[in-house]
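Okay, structure first, notes after.
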Amino acid sequence: MLRVWDKAREMAQMAPPERNRWVDFLRALSIMAVVFGHWLMAGLYLNEAGELQRGDLLSVSEWAHWLTWAFQVMPVFFLVGGYSNSVSWDATLRKAGADDGGDRVGKYRDWLASRVQRLIAPTFPVLLLWAVLAVVLTQVGLPRDQIRMATEAALIPVWFLAVYLLVTAATPLAYTAWKRFGWLSFAWYVPVAMLVDWLTFAHGVPYLNFTNFLWVFLAIHQLGFAWRDGRFDNRWIATAWFAVGATVLVSITVYGFYPVSMVSAPGGFSNSLPPTLALFALGVAQSGLVLSLEPLGRRMLENMKIWTATVLMNGMIMTVYLWHLTAFVLVMTVVWLGLGGMGLDSVPGSAEWWISRPMWLAIYILALLPMIAIFAKHERTFRPIREGRTVPKARVVAGVLLICVGLAATAGVTIASPDSLSGIRITVVAAPFVGAALLGFGPIYDFIAKRRARREGAT
Numbered sequence: 032m033l034r035v036w037d038k039a040r041e042m043a044q045m046a047p048p049e050r051n052r053w054v055d056f057l058r059a060l061s062i063m064a065v066v067f068g069h070w071l072m073a074g075l076y077l078n079e080a081g082e083l084q085r086g087d088l089l090s091v092s093e094w095a096h097w098l099t100w101a102f103q104v105m106p107v108f109f110l111v112g113g114y115s116n117s118v119s120w121d122a123t124l125r126k127a128g129a130d131d132g133g134d135r136v137g138k139y140r141d142w143l144a145s146r147v148q149r150l151i152a153p154t155f156p157v158l159l160l161w162a163v164l165a166v167v168l169t170q171v172g173l174p175r176d177q178i179r180m181a182t183e184a185a186l187i188p189v190w191f192l193a194v195y196l197l198v199t200a201a202t203p204l205a206y207t208a209w210k211r212f213g214w215l216s217f218a219w220y221v222p223v224a225m226l227v228d229w230l231t232f233a234h235g236v237p238y239l240n241f242t243n244f245l246w247v248f249l250a251i252h253q254l255g256f257a258w259r260d261g262r263f264d265n266r267w268i269a270t271a272w273f274a275v276g277a278t279v280l281v282s283i284t285v286y287g288f289y290p291v292s293m294v295s296a297p298g299g300f301s302n303s304l305p306p307t308l309a310l311f312a313l314g315v316a317q318s319g320l321v322l323s324l325e326p327l328g329r330r331m332l333e334n335m336k337i338w339t340a341t342v343l344m345n346g347m348i349m350t351v352y353l354w355h356l357t358a359f360v361l362v363m364t365v366v367w368l369g370l371g372g373m374g375l376d377s378v379p380g381s382a383e384w385w386i387s388r389p390m391w392l393a394i395y396i397l398a399l400l401p402m403i404a405i406f407a408k409h410e411r412t413f414r415p416i417r418e419g420r421t422v423p424k425a426r427v428v429a430g431v432l433l434i435c436v437g438l439a440a441t442a443g444v445t446i447a448s449p450d451s452l453s454g455i456r457i458t459v460v461a462a463p464f465v466g467a468a469l470l471g472f473g474p475i476y477d478f479i480a481k482r483r484a485r486r487e488g489a490t
């Protein structure tokens, strides 16, 4: 552990002085809030008959819906993404001289493929593990509804990657719009999101609300461009954004049509799957709040211990996010099957349940640590996409779409199949891997490349 800390400290000391450390801190903070929010909200318990029940805090404690305003911080991650993607895209253009008439399309292909690889590489192990588990558990005769429940719970986090990849793919166009139109490039998303909600809830237009995954998160991503360009350097402006966002949020939830909960909860529709105007308002409020705190945060991060901890967390952040619910499922499986449900006799929301939360959170962390030790290396192993040739543009488009569709289906319908002989939906499992192969990386591509190399060596 000391070696890991020393390595993180060494990397922290190497950070250039112009680096905005608040960006890295918010990235880590947003993901950790989601992780602890999931661990806190989810809960299995034994009823009076000794049967295992699937429950959650939001279903039994209406006041807990307010907690989601603090734990649903995916908008902050997209804010940070806008800042980081603009830095990366600008650097690509400068290095390639694309602003002076270079091959902008070619540079975009390579940039996007590289960004996708950095995001998807840590995802492959968790997808493979659960695909294998679903097949094995099906063959040994475990009830398929239990397999579905486990895979669904463990793989819910991948929905975020599908949306983030699409938003990332739009970065050059969105950034150009920001440079040309400024705040207007953000403002137009507001009536679009409102129109989508109006057509959905007032007129019952089906499926249209799923487009808000793009409109809402592209809008918050756009605020990241504004942040980087110094539009929030005046902290009164950031505070005003917080005040406006919070006012709108309270107006349309407490006194309006939308549920207070910012995640799926009983008694109302979801504000997050897909996003609604309420989540848009929450994102604006959160963005204003964290940007108003930036001066204090950057001074805090001058402390080397805090900055080192931030660097350490960012080095394994996707592993933590992707595996935290697998750790939860593992703990619940051991407790239920191995320990006879010991410790699951308190109903979520009760006094006994709250008292036991620190202990359970510590157990989840302990279960997650081996997964971090084994799989975090996939966040640090990166090789360039280009190996002497550029990935064709049609392959990039097809690859990104296949990855996004596969990840969305994994979270939406799960990989577990209720009737197939294998026990899994093979097309859903295969889609992200085939997409990665088209982009020029991933297990399938590596397998094909090795076979091609062996054939060439033999000839």
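In terms of our numbering, the numbers along the sequence shown are unbroken and rise by one, the last being 490. Where a beta carbon is used, it is the ideal one built from N, C-alpha and C, also for glycine. Bear in mind that the values here come from a model prediction, so they are computed numbers and not experimental data.
Considering only residues of the same chain and omitting the five flanking positions on each side of residue i, which have a CB-CB separation below 6 Å?
i    : result
F109 : F248, I251, H252
P305 : N240, F241, N243, F244
A440 : V459
P48  : none
V436 : A462
F102 : A64, G68
W193 : This sequence places Ala at residue 193; Trp is not what is there. Result list for A193: C435, L438, A439, in chain order.
T357 : A185
V91  : P379, G380
M42  : V342
L168 : I178
M349 : P153, E410
Residue i lies in the beta strand (DSSP E); which residues open and close that run?
i   : result
L12 : A query on residue 12 cannot be resolved here, the shown segment of the chain reaching from 32 to 490 and no further.
Which first and last residues belong to the alpha helix (DSSP H) in which residue i is found?
i    : result
H234 : Per DSSP, H234 belongs to no alpha helix (DSSP H) and is neither H nor E.
G287 : Careful: G287 lies outside any alpha helix (DSSP H) and carries neither H nor E.
F244 : 243-259
N345 : 335-345
I187 : Per DSSP, I187 belongs to no alpha helix (DSSP H) and is neither H nor E.
E49  : Unbroken run through E49: none, as it is neither H nor E.
M331 : 325-331
Starting from residue i, follow its DSSP beta bridges and name the residues at the other end.
i    : result
A447 : I455
R58  : Its beta-bridge partners do not exist; DSSP assigns none.
G86  : G74
S318 : None; S318 has no bridge partner.
S301 : None, per the DSSP bridge assignment.
P306 : S303
Taking residue i and residue j to be in contact with their CB atoms under 8 Å, please state how far apart those CB atoms are, rounded to whole angstroms.
i    : j    : result
A447 : R40  : Not confirmed; about 43 Å, so no contact.
S292 : H96  : 4 Å
I283 : L320 : That pair is no contact at about 18 Å.
F311 : A224 : 5 Å
P463 : L438 : 6 Å
M344 : A59  : 4 Å
P153 : H409 : 5 Å
M105 : D87  : Not really, about 18 Å apart at Cβ, beyond 8 Å.
I457 : A468 : The pair is not a contact, with the Cβ atoms about 16 Å apart (cut-off 8 Å).
A316 : F273 : 5 Å
V366 : L375 : 6 Å
Y220 : W258 : With 8 Å as the limit, Y220 and W258 do not qualify as a contact, their Cβ atoms being about 16 Å apart.
W53  : R329 : 5 Å
V157 : L353 : 5 Å
I151 : A442 : Rounded, the Cβ-Cβ distance is 14 Å, inconsistent with contact.
V136 : K424 : 7 Å
Give me, in chain order, the residues of the same chain whose beta-carbon lies closer than 8 Å to that of residue i; leave out the 5 immediate sequence neighbours on both sides.
i    : result
G112 : Y195, V198, T199, H252, G255
E418 : Because the pLDDT of E418 is 46, which lies under 50, any placement of that residue in the model is unreliable, and the number read from its coordinates should be weighed accordingly. Within the same chain, E418 has close Cβ partners G471.
L75  : L83, Q84, R85, G86, M363, W367, L375
W70  : H355, F359, W391, L392, Y395
Output needed for residue i: all residues of its chain with C-beta closer than 7 Å, excluding positions within five of it in sequence on either side, in chain order.
i    : result
A144 : I416, V422, V427, L470, G471
D37  : none
L361 : A398
A165 : I178, T182, I446, A447, G454, I455
L57  : V107, V111, V321
S377 : Y76, E383, W384, S387
Which runs of the alpha helix (DSSP H) at least 4 residues long sit entirely within the segment 361-426? Give them in chain order.
Uninterrupted alpha helix (DSSP H) stretches at least 4 residues long and entirely within the segment 361-426 occur at 382-406, given in chain order.
Just to confirm the assignment: which complete alpha helix (DSSP H) runs, minimum length 4, are found wholly within the segment 101-147?
105-127
Only counting runs of 4 or more residues, tell me where the alpha helix (DSSP H) segments fall wholly within the segment 141-215, in order along the chain.
154-170, 175-186, 189-200, 202-212
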